[in-house]
Amino acid sequence: MPGATQRKTRKRMKPYENGADQSESTSSKRKETAENDERSKRKDTAENDERIKICSGVLTRKTIPAISVTPLIGNNSQNLVHHMHNTSLGRRPQNTMRKSLCQPFVRILSNAKVYRTASPFDRRVTAIEWHPTHPTVLAIGSKGGDMILWDYERTDKQEFISGIGKGGSITSLKFNVDNLNTVYTSSVSGKISLQDFTGRQPKILYESSDWTRYWYCALDVSFTAGLVTVGDSVGNTILLSQEGKVLWKHKLHKQKVTHCEFNPQCDWLVATSSVDKTVKLWDVRMVKGTESALHVLNHDKPVNSAFNGSFGAYATWHPMCDLIVVGRYPDQNFPGYVANESRSIDVIDVNTGDIVCQIKDSKAPGLISLNKFNHGGDVLASSMGVNALIWHENLEIERKQQAMMEEMRLNGVKPNEATQSQGRRRPQQRSNRLDAAMKAKIAAKLKQQ
DNA sequence: CTCTTTTTTACAATA
DNA sequence: TATTGTCCAAAAAGAG
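So that you can map any letter, position 190 of the first sequence is 228 in my numbering, and since no number is skipped, the others follow by simple counting.
Next comes the structure, spelled out in structure tokens:
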């Protein structure tokens, strides 16, 4: 490929131009470049903005996941009342209890299929948040700053907020529990705002002095403390009051803060993650600088990567049990890689690191970059490029599969005919493989019908 | 160490 | 089917 290097260097001129622009940093110049970029209306469809936000150290991919705000307090109680009490205190249930809690959800998730889709934006979906009280409503933000309030059971109603287009990317989104028509947003356009789905003007809580250099990558709100945490593109973390008053601003990380989050049970405890390969815990009441960290978790890789082609994806915890989900591109270096496997959403048991099931649908072939469970933990919202997907348990499919299994069993199809085992495997693995092979057979049969 | 410049990447839009 | 360009990135390499 003689032209390859040439192409590359030419290609790279663009970022430099942008970079030079940035250091000169006049806002008028910036506006010009933004306006010049009308041509790039559809260029945001590449799946290059996947982010990881998981528990620390569970996955070791090119990019490493990072955040867990659940306090690790042991408990010895066995009965359900104690269990619920402990759960409400944020304590984690014991192993046996945890496993039994997971099972029904794993079953539901393995049967999940694309149930609804929405593609209201011309750019990728960058943020998804479930409505705190309405079970079928979500707020979705896009790379261009557009947002919708989407009820996936209704087609007649969709509130829309227009963004600024290129560079308006909504990096984080949080419903305002004091007024559920409004959402707190952080944006690449350098604004922390409270936006209103009823058409009122947004309230700007905080604004960057130079949004080409400092933009906002993460946001969380504690409504009990009345506080907002914000992470920016160069490592600053800012604590605001809910009204937007700056309480403090410190450079707590060397590089971009990719995520920040209040502990839901302890509203002064905040976790931050960064591409500087650390996750840090803070007592927001007493932060003076980097040295104020309560705890630092070091990783050998950045906690987040948005580079085109990296394996990262923005993963999320299940609300009820220790499962996480993460979209994945098939990777030869990944343990358990199967040739020609399709892109999937992996469901991972946090305690073992095992992939307990995969969520797939031929209707959704793209890379899933964002996942958010509903509050019940039985419905999953995902982003796939410009699309938002709702995954829902498909009982019809399950019923057919069971009938088929039964039929195959009666026809005398033995499990060991379904797969050619290569040497010895651990029982658990084998059963998973059999399951997969069985399902593939069933799927093929169903297709024939 | 910090700051700047070059290299990296696999997908999807385009031709 | 082959080619091109991403992307308000991030790692690696280079410079001081």
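Beta carbons: idealized from backbone N, C-alpha and C, even for Gly.
Rounded separation between residue i and residue j - CA only
i	j	result
residue 200	residue 319	35 angstroms
residue 139	residue 225	37 angstroms
residue 402	residue 355	22 angstroms
residue 368	residue 241	42 angstroms
residue 210	residue 137	32 angstroms
residue 147	residue 285	42 angstroms
residue 423	residue 173	24 angstroms
residue 397	residue 366	11 angstroms
residue 221	residue 387	31 angstroms
residue 379	residue 179	30 angstroms
residue 238	residue 327	37 angstroms
residue 83	residue 207	Because residue 83 carries a pLDDT of 32, less than 50, the predicted location of this residue cannot be relied on, and the following value inherits that uncertainty. Looking at the two C-alpha atoms, the distance is approximately 13 angstroms.
residue 308	residue 447	53 angstroms
residue 306	residue 321	5 angstroms
residue 399	residue 323	46 angstroms
residue 124	residue 411	22 angstroms
residue 303	residue 391	25 angstroms
residue 257	residue 421	19 angstroms
residue 120	residue 127	11 angstroms
residue 296	residue 444	48 angstroms
residue 325	residue 277	10 angstroms
residue 425	residue 204	18 angstroms
residue 141	residue 359	9 angstroms
residue 408	residue 282	28 angstroms
residue 192	residue 439	30 angstroms
residue 314	residue 433	44 angstroms
residue 227	residue 235	19 angstroms
residue 156	residue 352	19 angstroms
residue 301	residue 331	15 angstroms
Short Cβ contact (8 angstroms threshold) for residue i with residue j
i	j	result
residue 273	residue 312	yes
residue 154	residue 190	yes
residue 198	residue 169	no
residue 430	residue 151	yes
residue 441	residue 428	no
residue 298	residue 267	yes
residue 333	residue 316	no
residue 383	residue 363	yes
residue 6	residue 279	No answer is possible for residue 6: it lies beyond the span of the chain, which begins at 39 and ends at 487.
residue 404	residue 437	no
residue 385	residue 175	no
residue 244	residue 230	yes
residue 413	residue 357	yes
residue 275	residue 310	yes
residue 202	residue 158	no
Residue i in three-state terms, based on DSSP
i	result
residue 124	helix
residue 202	coil
residue 185	strand
residue 441	helix
residue 366	strand
residue 421	strand
residue 346	Here the model assigns residue 346 a pLDDT of 35, short of 50, so the residue's position is not dependable and the matter cannot be decided.
residue 431	strand
residue 460	Note on residue 460: pLDDT 28, under 50, position unreliable in the model; no value is reported.
residue 410	strand
residue 243	strand
residue 382	strand
residue 92	Because the pLDDT at residue 92 is just 28, under 50, the model does not fix this residue reliably, and the value given afterwards should be weighed accordingly. Reduced to three states, the DSSP call for residue 92 is coil.
residue 361	strand
residue 388	coil
residue 405	coil
residue 334	strand
residue 426	strand
With 16 other Cβ atoms within 10 Å as the buried cut-off, status of residue i
i	result
residue 262	exposed
residue 340	buried
residue 183	buried
residue 167	buried
residue 233	buried
residue 215	exposed
residue 449	exposed
residue 195	exposed
residue 260	buried
residue 361	buried
residue 149	buried
Distance cut-off 7 angstroms: residue i Cβ against heavy atoms of the ligand NAD
i	result
residue 121	As far as ligands go, the structure on display features none, and thus does not contain the ligand NAD.
What residue ranges within the segment 249-329 form continuous beta strand (DSSP E) runs of no fewer than 3 residues, ordered along the chain?
If we require 3 residues or more, the beta strand (DSSP E) runs fully inside the segment 249-329 come out as 254-260, 265-270, 274-279, 284-289, 295-301, 304-312 and 316-321.
Could you tell me which whole beta strand (DSSP E) segments of length 3 or greater appear in the segment 140-185?
150-156, 163-168 and 175-180
So within the segment 196-241, which uninterrupted beta strand (DSSP E) runs reach at least 3 residues, ignoring any that extend past its ends?
196-199, 208-213, 220-225 and 229-234
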